[in-house]
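This report refers to the structure that appears directly beneath it.
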Amino acid sequence: MDRTKIGAAAAIAQLTGWRAAPGRDALVKSFNFKDFKTAFAFMTRVALKAEQMDHHPEWLNVYNKVDVLLATHDAAGVTALDVELAQYCDEAAR
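Just so we're aligned, residue -9 is where the sequence shown starts under this note's numbering, counting upward by one.
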């Protein structure tokens, strides 16, 4: 997958509900679930995909909420990898 930097604005144009991270070229989105078990199942699905892609999110989980931040560290910003993982997060949250 291409690790060429595209920037948060270009990525957001391809996504629903994602926004630019303040002060950083990165994407962020909060996901809310009915309970901790459902949130953890989401994180497990995303973790397996991230490992397959060798592209890992930054995230925070508190009970039923998961905050996800995506950026490609070696590109110092948002790439197509982040768009792909963001789309997978959206799919996994359904």
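Idealized CB from N, CA, C, for every residue including glycine.
Grab the span of the beta strand (DSSP E) containing Asp15 for me, first residue to last.
It is not in any beta strand (DSSP E) - Asp15 carries neither H nor E in the DSSP assignment.
Rounding to the nearest angstrom, what Cα-Cα distance links Ala0 and Cys79 in this structure?
18 Å
Below 7 Å between beta carbons: does that hold for Val68 and Ala61?
yes
First and last residue of the beta strand (DSSP E) that includes Leu71?
Where Leu71 is concerned, there is no enclosing beta strand (DSSP E), although the alpha helix (DSSP H) it sits in stretches over 70 to 83.
Counting only the same chain and skipping the five closest in sequence on each side, list residues whose C-beta sits under 6 Å from that of Ile2.
Trp8
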